[in-house]
Amino acid sequence: MGEPTAASRKHGLAAADYRPAAPDWTIDQGWDGYAAEEHATWRTLFERQSRLLPGRACRAFLSGMEELPLRHDRIPRFDELSEVLMRRTGWQVVAVPGLVPDDVFFAHLAARRFPAGRFIRRPDQLDYLEEPDVFHDLFGHVPMLLDPVMAAFIQADGQGGLRARELGVLDQLARVYWYTVEFGLVREDGDLRIFGAGIASSASESVFAVEDDSPHRIAFDLDRVLRTRYRIDDFQETYFVLDGLEPLLHLAQTDFGPHYRRASALPVLEPGELLVGDAVITRGSGRHHAARRRHGSA
Ligand code: HBI
Ligand code: FE
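Under my numbering, the letters of the sequence shown match residues 155 to 452, in that order.
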């Protein structure tokens, strides 16, 4: 998933060739159209993450996994997942071709509809792909939609996204989404645990985010996050840590207006910067990204 405006603009332009008929960009999942090797890709990814996440993912994620009709060897049917989600938290999963324009994306979230890419990555993209595919969306995001706090937060984020777009501060709102829904960590019984989908759906980042000494880990602070750029092409340089998931409910009820104004008056921070006022949980060595810069691939 790219910088929101760049990615959605880029995909928006490219979308011309896959813009679906529906104005909300939804398409049929067309489950019968999946080929055997696409189900096999799902199985490889599902089995790998199922081994990695116990002890690394938060309780809400693991219990969400248990409660969803997810099979290890088949791409799930969206309507089966939606049935469980609707009963529990009023959410549903809708199929889209891939990244959709920001206004479409946030309008879906605001209506408790999670837009999930219908396509699955190719076998040679197992470890990373820029665009959210069905594994990232269903395995990474959907288990957390069964948690009432997260369900409320993501809907509020959708509403906030539409407002942020009007205010011209979508880049700031996107950072909150990115550092929570996509790459958030939570402290549970004193341990660091994953709740972000971008981490939970990635084998290498599931380990890096929780165990590696390279990234900074800082206590989540809204004003700090609104100013902090994020990486779209590599592991995050900094992870923000919530003290339990409850703070997301407070965030969902917070008027971001004054925070946008404060953040707009301050310089933007690079992903790996530390501020004197940061509540640093682990100060990272930055080794991973330094090595990438040396090899010129960052
Ligand atoms: N579209 N399908 C889809 N999935 C996303 O996660 C997504 C998107 N469009 C825009 C977008 N994300 C970003 O702008 C937000 O993450 C901020
Ligand atoms: Fe995502």
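The beta-carbon is built from N, C-alpha and C at its ideal position, and this holds for glycine as well. Source: prediction; values computed, not measured.
Residues that DSSP places opposite residue i in a beta bridge
| i | result |
| --- | --- |
| residue 393 | 371 |
| residue 411 | For residue 411, which the question treats as bridged, DSSP gives no partner whatsoever. |
| residue 246 | 267 |
| residue 423 | 382 |
| residue 181 | 249 |
Beta-carbon proximity check, residue i vs residue j, cutoff 7 Å
| i | j | result |
| --- | --- | --- |
| residue 235 | residue 248 | no |
| residue 263 | residue 275 | no |
| residue 391 | residue 352 | no |
| residue 196 | residue 254 | no |
| residue 362 | residue 394 | no |
| residue 348 | residue 288 | no |
| residue 297 | residue 232 | no |
| residue 357 | residue 206 | yes |
| residue 292 | residue 270 | yes |
| residue 402 | residue 307 | yes |
| residue 331 | residue 311 | yes |
| residue 380 | residue 417 | yes |
| residue 399 | residue 250 | no |
DSSP state of residue i mapped onto helix, strand, coil
| i | result |
| --- | --- |
| residue 213 | helix |
| residue 341 | strand |
| residue 364 | helix |
| residue 428 | coil |
| residue 318 | helix |
| residue 346 | strand |
| residue 308 | helix |
| residue 168 | Low per-residue confidence applies at residue 168: pLDDT is 42, beneath 50, and the placement is therefore not dependable, though the value from the model is reported in the following sentence. Residue 168 falls in the helix class under three-state DSSP. |
| residue 353 | helix |
| residue 158 | Its pLDDT being 41, under 50, residue 158 is placed unreliably by the model, and the measurement read from it follows with that caveat. Note: residue 158 maps to helix in three-state DSSP. |
| residue 436 | strand |
| residue 296 | helix |
| residue 388 | coil |
Residue i, buried or exposed, once every other Cβ within 10 Å from all chains shown has been counted against 16
| i | result |
| --- | --- |
| residue 258 | buried |
| residue 219 | buried |
| residue 155 | Any reading at residue 155 needs caution, since the residue's pLDDT is 39, under 50, leaving its predicted position unreliable; the model's value is listed next. Residue 155 comes out buried. |
| residue 279 | exposed |
| residue 226 | exposed |
| residue 387 | exposed |
| residue 371 | buried |
| residue 407 | exposed |
Any non-hydrogen atom of the ligand FMN closer than 6 Å to residue i Cβ
| i | result |
| --- | --- |
| residue 331 | Among the ligands in the structure shown, the ligand FMN does not appear; only the ligand HBI and the ligand FE can be found there. |
Chain-ordered residues, beta carbon under 5 Å from a heavy atom of the ligand FE: In chain order, the hits are 286, 351.
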